[in-house]
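A.B. asks:
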Amino acid sequence: MEHSRLRAVVLKTTHLADAILAGRNVAPARVGCYKPLPADIRMLYCCAWNPLNQLPDLNHLPACTMLEREDFTTTWRDCEPHLLPQARAIEPLGQSRPDYWILDQLGLRLGLTPLRSGKSPRAWLDHLLALDGHAPFVHLVKQGGLRERRTRPWVALERNVTDPERRPFRTPSGRIELRSSVLADMEFSATSYGQAVPALPTYLENDEGPGARNGLPLQLVTTKSQHRCHSTFTGNPLLEELQAQSAWIHPEEAGPRGIAEGDAIVVFNARGRVRVVARVTERIRPGVLSRSNAGPVRAGRPRARDRPDFLHPPGVSR
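Be aware that the sequence shown starts at 110, since it is given in our numbering, and climbs by one per residue.
1) Between R288 and A308, how many whole angstroms is the CB-CB distance? I'm expecting something under 8 Å.
2) In the structure shown, what three-state DSSP assignment does Q465 receive?
3) Going by the CB atoms, is the gap between P245 and L238 shorter than 8 Å?
4) If you drop the 5 nearest sequence neighbours on each side, which residues of the same chain put their C-beta closer than 7 Å to that of Q195?
5) Do you know how far the Cα of E274 is from the Cα of W263?
6) V264 by DSSP, collapsed to three states: which one?
7) Does DSSP put A148 in a helix, in a strand, or in coil?
8) Does the region 327 to 341 touch the region 296 to 307, meaning 3 or more C-beta pairs lie closer than 8 Å?
9) Is it buried or exposed for K144, if we count other Cβ within 10 angstroms and need 16 for buried?
10) By a C-beta neighbour count over all protein chains shown, 10 Å radius and 16 as the cutoff for buried, is P171 buried or exposed?
11) Output the residue ranges of the beta strand (DSSP E) runs that lie fully inside the region 270 to 298 and measure 3 residues or longer, sorted by chain position.
12) When burial is assigned at 16 or more other CB atoms within 10 Å of the CB, is T280 buried or exposed?
13) Return the chain-ordered list of same chain residues with a C-beta closer than 8 Å to the C-beta of T332, the five sequence neighbours on each side being excluded.
14) Suppose you measure from the CA of L221 to the CA of G227; what does that come to, to the nearest Å?
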């Protein structure tokens with residue numbers, strides 16, 4: 110962003126903040142607004158928690174959590190569809206505000222009055238519900254949700270299958286392709302993939318795993334945590350007591366390394382290192398080390414603490 114023309118950034122459901130703190134070819138540059146605000150905005154932060162809030166030279170506009178605002182959500186389309194209310198449990202904590210309020214107030218201060226809706230968040234919810242003939246939000250909360258009973262099963266991609274001429278798939282042939290002609294004809298030397306991607310789905314050996322040339326003795330698996338969502342709920346004492354941050358290792362791997370249950374260990378490779386507590390258990394197979402992914406990033410210490418993501422090769426799914 111150093112040479113970009115960005116004046117403000119909305120960070121929501123993104124790992125850009127992690128990339129900035131980790132120095133992954135993203136440099137936080139000074140950005141202001143086209144029109145003056147009460148404070149010089151460098152970065153617009155709209156998220157319940159974000160590691161950028163540790164940087165004191167950024168002005169933050171923190172959005173509250175879903176427990177502190179009103180909304181509704183739906184279930185997946187391929188199951189029995191439900192419309193579920195998200196009633197506010199408590200008022201927003203501290204100076205946090207709903208996303209709608211933040212953006213509406215920014216519009217007011219930037220002089221973008223014609224773009225402001227004039228509706229309150231509750232009025233917008235009622236308006237959206239009315240579009241489908243539903244009662245206002247307050248009735249949705251009293252009912253605890255709505256359930257639509259389907260008259261026939263949900264069929265995925267039904268329109269494409271029943272009318273392929275008018276609604277073809279977005280592939281060169283317009284059909285479902287098991288073999289990708291795009292990948293088959295691609296010049297991988299001119300791409301950022303790093304290696305050829307098979308046109309037909311094929312199992313590829315991990316070139317850094319056990320048994321590979323120049324491979325490492327253990328394969329790291331980063332799973333989803335059961336007590337937090339990425340960094341959200343990190344540091345909650347009750348959740349930490351229920352499931353402490355640990356790395357699972359099989360006794361056959363722990364014994365030769367002198368590792369016992371509860372020992373502080375360091376998991377490392379050429380990309381970095383992670384300090385974590387050992388959980389010695391037969392619930393994981395030998396040759397594999399398991400650690401929940403993500404976690405907080407500390408400003409000035411992007412590769413420290415207990416976050417394993419930086420140990421993965423670039424481009425590898427975590």
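Every residue, glycine too, gets a C-beta built ideally from N, C-alpha and C. Computed from a prediction, not measured in an experiment: that's the story for all the values here.
C.D. replies: The structure says:
1) 5 Å
2) Coverage of the chain is limited to positions 110 through 427, which leaves residue 465 absent and any answer about it impossible.
3) yes
4) M175, E179, D180, F181, T182
5) 21 Å
6) coil
7) Bear in mind that a pLDDT of 40 at A148, under 50, signals an unreliable position, so the number given afterwards is only what the model happens to contain. In this structure, A148 counts as coil in the three-state DSSP scheme.
8) no
9) Any reading at K144 needs caution, since the residue's pLDDT is 37, under 50, leaving its predicted position unreliable; the model's value is listed next. K144 is exposed by the Cβ-count criterion.
10) Around the CB of P171, 16 or more other CB atoms lie within 10 Å, so the residue is classed as buried.
11) none
12) exposed
13) S399, R400, S401, N402
14) Between the alpha carbons of L221 and G227 lies a distance of about 12 Å.
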